[in-house]
Amino acid sequence: MDPVEIELPTYRILIARGALGDVGRVASATTRAHRYALIADANVAPLYAARVRSALGEGRTRLYTIPAGEEQKSRQSWTTLTDALLGDGFGRDSAIIALGGGVVGDLAGFVAATYMRGIPFIQLPTTLLAMIDASIGGKTGVDTPSGKNLVGAFHDPAAVIADPDVLRTLPPEHLRAGLAEAIKHGVIADASHFDEVVGAAPEIVSGSRAAAAALERIVVRSVGIKADVVRRDQREGGVRKTLNFGHTIGHAIELRSDYRMLHGEAVAVGMVVESRVAERLGVAQPGTSDRVRAAVERTGLPAARPADQSPGDILSATRGDKKARAGVVEYALPARIGEMAGADRGWGVVVSDEVVLEALQ
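In my numbering, the protein residues as written are 105 to 465.
This is the structure:
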């Protein structure tokens, strides 16, 4: 594939095979940092950290490795990392490089947002989900026992470098999880993208070489959709709320699973339930929820709530979501595949508990 650059108001996204090798050039141009703190988890560091350190300059780069897993996206991890940076003498002329999936990107971004009142950072996403969604938009933060991402800050990266070559090492379950976000992008903005994702999903998950070109197209188009929404609404005051489709129920299910479910798996269930809610309210075209469910199932993702989570438990968990206002939860709901409802009410739709419980049954 030819390199693709997508521009946002304060940074650029580079999508190119082999782009990890460009991190030194990009970091030098965008951060002007004297030293780099490279943050990765224990799964990713052995695969790519040496290559990134070499590109940045080994003498200027220190690697900080955290254990893998959503539970590491915590205030304790933030404390450990910031204390380590202080102990190693990193100053305001430093930059952070986030190498990994969404957990590392969110956590390292939050460290960058708060360290010495904010230093630059670069996102190097290594999962499909992080590449097409989590690394874009400047949302950083950590989880708490009350819910996901409840402590955080908006802090735009200096750059995002997406290298599709790294996706070759992803296990099938993580490819599926990323495809959940690609399905979401299709639902909210582009019916043809939705169809391409659904059509290519089985071969992509199987690791078929024939699907490599389709995966690259999906990455480019999904990044474009996410970037376009963020460009129009950087602080989630309006149309950016549409990116929350599937996430109100999804976050609740993920929390109730004690993060045993992958984010994309929980969002897949959330999309099925929330599209069913949209049809029950009469805001979605009939058949929309069936198409969403079929897409999720074809990708090999779960389409129904976990058997050990009751509708009441899930509903209760939505109360702690960031989208709740005065105890009332707003949902981002589709009108049809490729278009969202709620433009006339700020892209958020208030839904009664009864409708949500019915959809969860």
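Even for Gly, the Cβ is constructed at its ideal location relative to N, Cα and C.
For the segment 174-220, the full-length beta strand (DSSP E) segments reaching 3 residues or more read 198-204 along the chain. Going by C-alpha positions, N253 is about 5 Å away from D247.
Ranked by Cα distance from R280, the options L405, L419, Y435, S296 are led by L405. Closest in alpha carbon position to R397, among H355, A436, I441, S414, is I441. Note that the C-beta distance between I201 and Y152 is not below 7 Å. The DSSP-derived three-state label of L405 is coil. Scanning the segment 302-331 for uninterrupted beta strand (DSSP E) segments of 3 residues or longer gives nothing; none is fully contained.
Taking 7 Å as the cut-off, the beta carbon of F194 is found no closer than this to the beta carbon of G213.
DSSP places P171 in the coil class of the three-state scheme, outside both helix and strand. Per DSSP, reduced to three states, the secondary structure at V108 is strand. 7 Å or more divides the Cβ of G241 from the Cβ of V323. Fewer than three pairs of CB atoms, one per stretch, sit closer than 8 Å, so the segment 400-417 makes no contact with the segment 314-321. For T244, there is no enclosing alpha helix (DSSP H); the residue is part of the beta strand (DSSP E) that begins and ends at 243-248.
Judged by DSSP secondary structure, R157 falls within the alpha helix (DSSP H) whose first and last residues are 154-160. For the 7 Å CB-CB criterion, Y435 and V459 do not form a contact. Rounded to the nearest angstrom, the gap between the Cα atoms of I143 and W451 is 35 Å.
Taking 7 Å as the cut-off, the beta carbon of L203 is found no closer than this to the beta carbon of L233. P268 sits in a helix when the DSSP states are folded into three classes.
DSSP places A445 in the coil class of the three-state scheme, outside both helix and strand.
By the neighbour-count definition (other C-beta atoms within 10 Å, threshold 16), S250 is an exposed residue. Linking P415 to A463 through their CA atoms gives a straight-line distance of about 9 Å.
I357 sits close to V373, with the two beta carbons spaced by under 7 Å. Cβ neighbours of A149 within its own chain (closer than 8 Å, five residues either side excluded): L167, T169, L203. Residue pairing by DSSP puts Q227 in a beta bridge opposite A202, V264. Counted as a single uninterrupted DSSP element, the alpha helix (DSSP H) harbouring G374 occupies residues 367-385. P438 is bridged by DSSP to M444.
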